[in-house]
Amino acid sequence: MHIQSMTTRHNHWLTTIFLLWSGAALTGCGGSGSPDSVVIPTPVQTVPQNPPPATQPPVNLAVPDNRTVTEFRVALLGNSHVANQNIAGLLKELLQTGRPQAKVFTQTAGGRGYLDERLNDNVTLPLLTEQNWTHVILQGQKYSTSGLYSYPIDAALYWVALIKSRQGTPILFPEHATLGNNTEGARVYQLHQSIVQQQAACLTPVPQAWASTLAQWPDIHLHLNDGNHASLSGAVLTSMLFYQVITGNPADQLPYIADLGLSASVQQRLAQQASASLQQHPACPF
90 MHIQSMTTRH NHWLTTIFLL WSGAALTGCG GSGSPDSVVI PTPVQTVPQN
140 PPPATQPPVN LAVPDNRTVT EFRVALLGNS HVANQNIAGL LKELLQTGRP
190 QAKVFTQTAG GRGYLDERLN DNVTLPLLTE QNWTHVILQG QKYSTSGLYS
240 YPIDAALYWV ALIKSRQGTP ILFPEHATLG NNTEGARVYQ LHQSIVQQQA
290 ACLTPVPQAW ASTLAQWPDI HLHLNDGNHA SLSGAVLTSM LFYQVITGNP
340 ADQLPYIADL GLSASVQQRL AQQASASLQQ HPACPF
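Under my numbering, the first residue of the sequence shown is numbered 90, with each subsequent residue one higher.
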């Protein structure tokens with residue numbers, strides 16, 4: 090349930106098993122997921138979306154390895170799960186601390202949150218093609234929380250291929266599960282696995298890191314009260330994952346950073362979990 094924190098809801102009317110999908114029905118500040126208001130045991134249905142541009146970038150290039158660059162330029166595409174708690178700012182803080190000799194620039198992209206909507210927002214394509222980015226984090230693949238509906242991944246494939254064609258490292262950001270949902274995270278991660286099977290990219294194990302942290306340290310509250318968005322602790326955990334994916338440096342070797350606003354104990358545990366999750370679920374094919 091993520092993306093621009095706007096969760097799409099499906100209203101099902103049984104007259105002709107007609108699916109009315111409306112962007113206006115997105116729950117405010119929700120996620121990319123699409124929770125179903127009525128659960129009907131019908132076969133998985135595919136929800137149409139905007140097609141990618143006709144001119145496709147080269148197909149399935151190798152993922153550029155930019156871990157050792159002297160200037161990190163990181164763009165973040167997403168919705169409220171990227172903007173909430175300022176992931177770009179947290180990531181910049183981590184990069185500047187872990188790689189003090191490197192220049193760091195991070196930017197959250199404007200435009201629409203969902204990856205398919207970004208195909209026609211007149212913001213995302215110019216941002217990615219008129220500037221050079223060493224890394225681009227992609228969040229905003231639509232998904233059905235019930236599993237009853239299938240959303241195309243064509244837009245994600247397009248953006249990944251475009252980023253690689255420009256020597257950037259594409260990093261997929263599958264969202265953490267909503268609080269109390271024990272199956273959502275695995276479903277979101279598997280959906281993103283289907284993307285990297287067609288277009289090689291780095292796949293960050295955000296759902297796994299969150300689930301392990303909540304199980305091991307229930308005193309660390311990763312969600313806000315809405316049960317959907319990340320608290321500061323949750324955002325730092327996610328940012329630490331990105332830090333290690335981007336640099337190749339273990340997050341658990343970062344020093345205490347007072348500006349993050351978390352205690353040394355919490356930072357240490359989050360960093361340990363980020364590194365452990367990436368050891369168990371390596372993100373990049375290099």
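Where a beta carbon is used, it is the ideal one built from N, C-alpha and C, also for glycine.
If you draw a straight line from the Cα of N270 to the Cα of T302, it is about 15 Å long.
If you draw a 10 Å sphere on the C-beta of F262, you find 16 or more other C-beta atoms in it, and that means buried. For R188, the closest of L237, T159 and P140 by C-alpha to C-alpha distance is T159.
Taken in chain order, the whole alpha helix (DSSP H) runs of length 4 or more contained in the region 246-324 are 273-287 and 295-305.
With respect to the 8 Å criterion, E182 and I346 are classified as neighbours on the basis of their beta carbons. Here the alpha carbon of A177 sits roughly 9 Å from the alpha carbon of F194. In the three-state reduction of the DSSP assignment, V334 falls in the helix class, which pools H, G and I.
Apart from the 5 residues on each side of it in sequence, Q174 sits with its Cβ closer than 7 Å to the Cβ of A319, L321 and A324 in its chain, given in chain order. Judged by DSSP secondary structure, I226 falls within the beta strand (DSSP E) whose first and last residues are H224 to L227. Linking Y238 to R162 through their CA atoms gives a straight-line distance of about 36 Å. Of the candidates R358, N139 and L166, the residue whose Cα lies closest to the Cα of I260 is L166.
Using a 10 angstroms sphere on the CB of S233, the tally of other CB atoms reaches 16 or more, which defines it as buried. Within the model, the alpha-carbon separation for C291 versus T258 is close to 8 Å. Within the model, the alpha-carbon separation for P241 versus W248 is close to 13 Å.
According to DSSP, residue pairing for K192 in a beta bridge involves E160. Inclusion of A164 and Q185 in the CB contact set at 8 Å is not warranted, their separation being larger than that value. Taking 8 Å as the upper bound for CB-CB distance, P294 and A275 are not in contact here, some 11 Å apart.
If you check the CB distance, L180 and Y332 come in under 8 Å. Under the three-state reduction of DSSP, S239 is assigned to strand.
DSSP places A365 in the uninterrupted alpha helix (DSSP H) bounded by A353 to Q369. By DSSP's assignment, T197 forms a beta bridge with L165. In the structure shown, T135 falls within a strand segment according to DSSP collapsed to helix, strand and coil.
In this structure Q279 is exposed. Its beta-carbon is surrounded by fewer than 16 other beta-carbon atoms within 10 angstroms. Burial state of A304 is exposed, judged by a 10 Å Cβ sphere holding fewer than 16 other Cβ atoms. Note on geometry: alpha-carbon atoms of I284 and L326 lie some 23 Å from one another.
Residue T223 holds the alpha-carbon nearest to the alpha-carbon of P153 among A340, E273 and T223.
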